[in-house]
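J.: My questions all concern the structure below.
Protein chains: 2
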Amino acid sequence: MKTIPDSSIDAHAACYNIAAVERDTGLSKDTLRVWERRYGFPKPRRDQHDERLYSLPDLEKLRLLRLLIDYGHRPGKIINCSTAELAQLISSRAPIKSPPPEIASIIDLLLQHDVENFRNALLQALMKQGLLRFVTETVAGLNHWIGEAWLSGRIAVFDEHLYSEHIQNILRNAIIAQPGRGSGPRVLLTSLPGEKHRIGLLMVEAVLIAEGAACVALGTETPIIDIKNAVPAYRVDVVALSFSSAITQTAALAGLAELRTLLPETVEVWGGGGALVRARKAAPGVLLLRSFDDLRYALERWRVEHVAH
Amino acid sequence: MKTIPDSSIDAHAACYNIAAVERDTGLSKDTLRVWERRYGFPKPRRDQHDERLYSLPDLEKLRLLRLLIDYGHRPGKIINCSTAELAQLISSRAPIKSPPPEIASIIDLLLQHDVENFRNALLQALMKQGLLRFVTETVAGLNHWIGEAWLSGRIAVFDEHLYSEHIQNILRNAIIAQPGRGSGPRVLLTSLPGEKHRIGLLMVEAVLIAEGAACVALGTETPIIDIKNAVPAYRVDVVALSFSSAITQTAALAGLAELRTLLPETVEVWGGGGALVRARKAAPGVLLLRSFDDLRYALERWRVEHVAH
DNA sequence: TCCTTATTTTGTCCAAGACATATGAAAACG
DNA sequence: CGTTTTCATATGTCTTGGACAAAATAAGGA
């Protein structure tokens, strides 16, 4: 059977088959082929068996396109812009501000590959701010500005990997250090298949635990049917799902709606994350959380409602 | 654009379109269609536009098939068995021996969904044994026996997710609690694209740090080209890659050989993990680590060689 | 300004064929 | 007899071009 090719074989030539491009850009194979047919981009060269081989510049342009489309641009309007024009569209999208100094100093340490001091700076920020402010201010800020840096090519893939690992270390350390369950609802926390971003999930878990809720964290990519089965097993009151911007808003809302139909009425369904901040309305019985404040309000509301009974 | 249908319309009929089945079973749309063409299963009914609508029983049988195929069965041989026969095949995979009592008691807590006591049992084991023994005995044992339980169908998907999350919490907590760099080599630790298993990587990181080496952990799935670029940036002495049994031995050895050609002679390449325990020999200049003891010997050897200079 | 209704855009699904690679069995070797 | 090599089969992924529904936009009307 054909598998994702060993990218090492052509690492220097930077050739990607359609499966690798799907994985790296999040654009489906069908979409890639239909864009080629309709718009003439991307137009990859072929190997000896007429299979598509995408170049690294194509891949970069596709990533920019994906980003702009997520932001609201239409594919047909921008697909024939040059990579430079797309990059300019992105940078012109938001007024170019620089990150606040406390964020900038941490990012500088990452860019200088100073692992030790990077780790220490994160730990110090956590100690100084406490878990709640650390998550909602420092980590959220770092995510945003590191995303910006990645878009403009100022940060390497391996730097981002290192960042993700260290944030996970810190957040999980804080999570396990917290005392046992609190007074709040039992919240099952996970993401649906295809959603691989772990940091958002850990941030939510940290906030929930800091607020005294009991969290059952299943990590990323739990199939819907297994979420359904886990709800009675762990006797949870709320199922919370996280959707990063890597997933389309439509897919996120559809997943939430499907889950809603599978769970008993007594179990609440909450959804949040980058894919949903601009969503208008969700299926009935699904609560959208567009910020960490929304999350805290939702917790408080749950407590009020369940004390009354 | 077509999306996952609002299943609330047909919630009781439990109909899934091909995208939902792909998401929940991990079988690609192409695979589902070609199975239907070749083997006659699954044979979903169609909606008014001739699009496939899979039933819940089909979905359940597909998940059993996926499980058995992962374990080594061939699709063509088992695809026309009934769901009951498949379930029996799975349960007949019972382990020959039972786990030692200290492992069994922890697994029992997981099977009873007792999150609090499960967490506490892990923490207690860590305290009692120290990081090194905890990793090489308890965590290694848990991985093995939970794998067995998964194969025989005695453990749910969500239980395994919860296990993975908690082990990560504990290991990362231990990792960050360690004092800064030690005397040993700087080791870059990661896995190649396609290798998603994080726990093995974290176990290695814990052992390295306990032994006083400085670890640059990049998490899973770092493209080879990015590993190459990270080596000078972080000035590492050793690149260590982890390969779980989910990857074939051939693929693991090929990846190591490829990396070896891309790195300068002065940087060592180490490989380990389930895929390589039975490997005979690797490419020249690649060190195979078949056990945690091998890892510790390799560290000691490096230190001896680099003190002499 | 808001709601309803056309029109265009855009992503997903389909079919059937082709083919490379994983797997397992048979053959040749040490 | 154990080990590697060779071959055949099984199996998953890629191909093309057509079709069409849902989303997004534009146009019309209260």
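Protein chains in written order, with numbering that gives the first Met the number 0: chain A, 0 to 308; chain B, 0 to 308. Glycine included, C-beta positions come from ideal geometry on N, C-alpha and C.
(1) Locate the alpha helix (DSSP H) running through B:Val20, then write down its first and last residues.
(2) Can you give the Cα-Cα distance for A:Leu170 and B:Asn172, rounded to whole angstroms?
(3) Shorter than 9 Å from the beta carbon of A:Asp236 to some beta carbon of chain B?
(4) Of all the CB atoms in chain B, is at least one closer than 9 Å to the CB of A:Arg62?
(5) Give every residue of the same chain whose Cβ lies closer than 7 Å to the Cβ of A:Pro192, excluding the five residues on either side of it in the sequence, and list them in chain order.
(6) Return the bridge partner residues of B:Arg36 from the DSSP annotation.
(7) Anyone know if the C-beta pair for B:His165 and B:Leu121 falls short of 9 Å?
(8) What's the C-alpha gap between B:Ser243 and A:Phe157?
(9) Does DSSP put A:Asp9 in a helix, a strand or coil?
(10) Run through chain B and tell me which residues come within less than 7 Å of A:His196, C-beta to C-beta.
(11) In the DSSP assignment, the alpha helix (DSSP H) including B:Thr249 goes from what residue to what residue?
(12) Report the three-state DSSP secondary structure of A:Val134 (helix, strand or coil).
(13) Counting beta carbon pairs with one atom in the stretch 248-255 of chain B and one in the stretch 277-285 of chain B, are three or more of them shorter than 8 Å?
(14) For B:Arg295 and B:Arg277, what's the separation of their Cα atoms in angstroms?
(15) Report yes if the C-beta distance between A:Tyr38 and A:Gly71 is below 9 Å; otherwise report no.
(16) Using a Cβ cut-off of 8 Å, which residues of the stretch 160-181 of chain B contact any Cβ in chain A, in chain order?
(17) Cβ closer than 8 Å: which chain B residues qualify as neighbours of A:Thr221?
(18) Tell me, please, whether the CB atom of A:Pro41 is closer than 9 Å to any CB atom in chain B?
(19) Hey, A:Val215 and A:Tyr233 are a contact pair by Cβ (cut 8 Å); roughly how many whole angstroms apart?
(20) Is A:Leu217 near B:Leu161, with beta carbons less than 9 Å apart?
(21) Does the beta carbon of A:Ile3 sit closer than 9 Å to a beta carbon anywhere in chain B?
(22) When DSSP labels each residue in this structure, what does A:Thr189 get in the three-state scheme?
(23) From A:Ala274 to A:Ile198, what distance separates their C-alpha atoms?
(24) Can you give the Cα-Cα distance for B:Asp29 and A:Glu299, rounded to whole angstroms?
(25) Out of curiosity, what's the CA-to-CA distance linking B:Arg132 and B:Arg62?
(26) Give a yes or no on whether 9 Å exceeds the smallest Cβ distance from B:Asp69 to chain A.
(27) When you compare only the Cα positions, how much space is there between B:Ser54 and B:Cys14?
(28) Classify A:Leu85 as helix, strand or coil using the three-state DSSP reduction.
(29) What residues are listed by DSSP as bridge partners for A:Ser290?
(30) Please state whether DSSP places A:Ala212 in a helix, a strand or coil.
(31) Give the residues of chain A in contact with B:Gly218, contact being defined as C-beta atoms less than 7 Å apart.
(32) Pull up the CB-CB distance for A:Ala209 and A:Leu125, whole angstroms please, since I reckon it's below 8 Å.
(33) Is B:Arg295 close to chain A, meaning its C-beta is less than 9 Å from at least one C-beta of that chain?
(34) Would you report the Cα separation of A:Glu267 and A:Leu31, rounded to the nearest angstrom?
(35) Can you give me the C-alpha to C-alpha distance between B:Glu194 and A:His305, rounded to a whole angstrom?
(36) Just mark A:Ser241 as buried or exposed, buried being the case when its beta carbon has 16 or more other beta carbons within 10 Å.
T.: Considering the structure as presented:
(1) First-last of the alpha helix (DSSP H) with B:Val20: 17-24.
(2) CA-to-CA, the gap between A:Leu170 and B:Asn172 works out to about 9 Å.
(3) Taking Cβ atoms only, chain B never reaches closer than 9 Å to A:Asp236, which makes this a no.
(4) No, A:Arg62 does not count as interfacial toward chain B.
(5) Taken in chain order, the residues that qualify are Glu220, Pro222.
(6) DSSP output for B:Arg36 lists no bridge partner at all.
(7) Yes; because the gap between Cβ atoms is below 9 Å, this pair is in contact.
(8) Counting only the Cα atoms, A:Phe157 lies some 21 Å from B:Ser243.
(9) Per-residue confidence for A:Asp9 stands at a pLDDT of 37, beneath the threshold of 50, marking its modelled position as unreliable; no derived number is given.
(10) Those do not exist, as A:His196 stays about 12 Å from chain B at its closest Cβ, beyond 7 Å.
(11) Start and end: 248-261.
(12) Helix, per DSSP.
(13) Judged by Cβ distances under 8 Å, the stretch 277-285 of chain B makes contact with the stretch 248-255 of chain B, as three or more pairs qualify.
(14) Annotation: B:Arg295 to B:Arg277 spans about 19 Å, alpha carbon to alpha carbon.
(15) In this structure, A:Gly71 does not lie closer than 9 Å to A:Tyr38 by Cβ.
(16) For the stretch 160-181 of chain B, which is checked against every Cβ of chain A, the residues closer than 8 Å are His160, Leu161, Ser163, Glu164, Gln167, Asn168, Ile169, Arg171, Asn172, Ile174, Ile175, Ala176, Gly179, Arg180.
(17) Neighbours of A:Thr221 in chain B, taken as residues at a C-beta separation under 8 Å, are given in chain order as Val156, Phe157, His160.
(18) Using a Cβ-Cβ cut-off of 9 Å, A:Pro41 does not count as an interface residue toward chain B, since no Cβ of chain B sits closer than that to its own.
(19) The C-beta distance from A:Val215 to A:Tyr233 rounds to 5 Å, short enough to fall under 8 Å.
(20) Using a Cβ distance threshold of 9 Å, A:Leu217 and B:Leu161 count as a contacting pair.
(21) For A:Ile3, the predicted structure reports a pLDDT of 43, less than 50, and the residue's modelled location is therefore unreliable. A value from the coordinates is still provided. Residue-level contact check: A:Ile3 touches chain B, since one or more beta carbons of chain B fall below 9 Å from its beta carbon.
(22) Here A:Thr189 sits in strand by DSSP.
(23) Near 14 Å, if we compare the C-alpha coordinates of A:Ile198 and A:Ala274.
(24) So the alpha carbons of these two residues sit roughly 46 Å apart.
(25) Taking the straight line from one Cα to the other gives about 36 Å.
(26) At a cut-off of 9 Å between beta-carbon atoms, B:Asp69 makes no contact with chain A.
(27) Looking at the two C-alpha atoms, the distance is approximately 5 Å.
(28) Correct three-state label for A:Leu85: helix.
(29) Residue pairing of A:Ser290 in beta bridges, as defined by DSSP: absent, with no partner found.
(30) Shown here, A:Ala212 sits in coil according to DSSP, grouped into three states, outside any helix or strand.
(31) Within chain A, the residues near B:Gly218 are His160, Ser163, Glu164.
(32) Not really, about 12 Å apart at Cβ, beyond 8 Å.
(33) Taking Cβ atoms only, chain A never reaches closer than 9 Å to B:Arg295, which makes this a no.
(34) Cα to Cα, the separation comes out at about 37 Å.
(35) If you draw a straight line from the Cα of B:Glu194 to the Cα of A:His305, it is about 44 Å long.
(36) A:Ser241 is buried by the Cβ-count criterion.
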